[in-house]
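Below you'll find the structure, written out as structure tokens, and then a few comments.
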Amino acid sequence: MCVVCGCGRPDPASAGHVAVAANGDLHYGAGAARVSAPGMSQERAIRLEADVLGANDRIAAQNRAHFRSHGIAAYNLVSSPGSGKTTLLCATIERLRRRAPGLPLAVIEGDQQTSRDADRIRATGAPAIQVNTGKGCHLDARMVADAFDRLPIHGHSHSPGADHGHAPHDGESLLLIENVGNLVCPALWDLGERAKVTILSVTEGEDKPLKYPDMFAASHLMVLNKIDLLPYLDFDLAQCIAHARRVNPAIEVLQVSARTGAGLDGWIDWLLDRPATPGA
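Written out as structure tokens, the structure reads:
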């Protein structure tokens, strides 16, 4: 039986938002809206999501055009808490200084509270703006636009002939956006980025792509971080990659250790050499 096609008999208390499996498991994402909220119909949930995401997408399109006009290659880094995003960012900045010493770059840091991560980025010498979302579980396009306006690369003019060392598309600057630690909500929110990058620590388990498929489906790249810990973990690397490609056959995969530096050159190559996608 299925609540999507209407052949099931929904529980009135749940407004038909739940599918019950033969073993008794409950699936609250089986409705047309793929989400359940008490007192809200599937139709109303769809309308609300369309209104909210539609407004966000309009701002994201403005961001994308703005980044393009300023020669900004922007990447949205997403992960669960504790994946090592900030440590990887600090290591990335240090490696970029050696590989592309003239490359203008900046960071937007997203968290619910505190400026601890932005302070860590600033300690490397890179400019960073902290965005605290309060109760919000993700960054949105307006937050990114407001933060970008306060970064020095906002005033960096796009000069294709400029000598910035080995930079993405000669003359471009690099904007790295560290989203709030969450493998659910940020998947839906376009920030105007060139690509989403999911960072997955090998300490988290190889089944994460199957548990959080929307995030991995929306990402161009999965960075497997903390590979220096593999000898001490029961983590099936090949299985994790297979799970990710089951969800997203086109996803690219890199293996790195922010602590030891293993694989970082491949990550830097990806950032510096990735071509712009149409409209990005």
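Heads up: the sequence shown begins at 39 in this note's numbering, then just goes up one per residue. Even glycine gets a Cβ: it sits at the ideal position worked out from N, Cα and C. Just so you know, these numbers come straight off a predicted model, no measurement behind them.
Cα atoms of E242 and L267: separation of roughly 11 Å, rounded to the nearest angstrom.
Just so you know, the alpha carbons of Y270 and A83 end up roughly 44 Å apart. Sequence-distant partners of F254 (beyond 5 residues in either direction) whose C-beta falls short of 7 Å from its own C-beta, in its chain, are T236, P247, M260, A282, V285, N286 and I289. Counting only unbroken stretches of 3 or more residues, the beta strand (DSSP E) elements lying wholly within the region 138–203 are 143–149 and 166–170, in sequence order. No residue range can be given for E244, since it is assigned to no alpha helix (DSSP H) and is classified by DSSP as neither H nor E. Proximity of the region 168–177 to the region 86–98 falls short of the contact definition, fewer than three beta-carbon pairs being nearer than 8 Å. For V73, no alpha helix (DSSP H) segment is defined, and its DSSP state is neither H nor E. In the three-state reduction of the DSSP assignment, V285 falls in the helix class, which pools H, G and I. Comparing alpha-carbon positions, the option among D307, L143 and W308 lying closest to H192 turns out to be L143. Secondary structure of H104 (DSSP, three-state): helix.
In the assembly as shown, R232 is a buried residue. Its beta-carbon has 16 or more other beta-carbons within 10 Å. Per DSSP, reduced to three states, the secondary structure at N220 is coil, with no helix or strand assignment. Proximity of the region 135–153 to the region 58–67 falls short of the contact definition, fewer than three beta-carbon pairs being nearer than 8 Å. CA-to-CA, the gap between F105 and E81 works out to about 35 Å.
About 6 Å separates the Cβ atoms of A138 and L310, confirming a contact at the 8 Å cut-off. R72 and N220 have their C-alpha atoms spaced approximately 18 Å apart.
Per DSSP, the beta-bridge partners of Y113 are L214 and A233. Boundaries of the alpha helix (DSSP H) harbouring L310: L302 to D311, taken from the DSSP string. For L259, the enclosing beta strand (DSSP E) covers residues L259 to N263. Boundaries of the beta strand (DSSP E) around V291: E290 to Q293. Collapsing the DSSP output to three states places A59 in coil. Residues of the same chain with a CB within less than 7 Å of the CB of A300, apart from the 5 flanking positions on each side, are I265, D266 and V294 in chain order. In the displayed model, L134 falls within a helix according to three-state DSSP. Where A255 is concerned, the enclosing alpha helix (DSSP H) starts and stops at P251 to A256. T124 and R297 have their C-alpha atoms spaced approximately 11 Å apart. Excluding sequence positions up to five before and after A166, its CB lies within less than 6 Å of the CB of V145, E147, A156, I159 and R160, all in the same chain and listed in chain order. Using a Cβ distance threshold of 9 Å, T130 and I279 do not count as a contacting pair.
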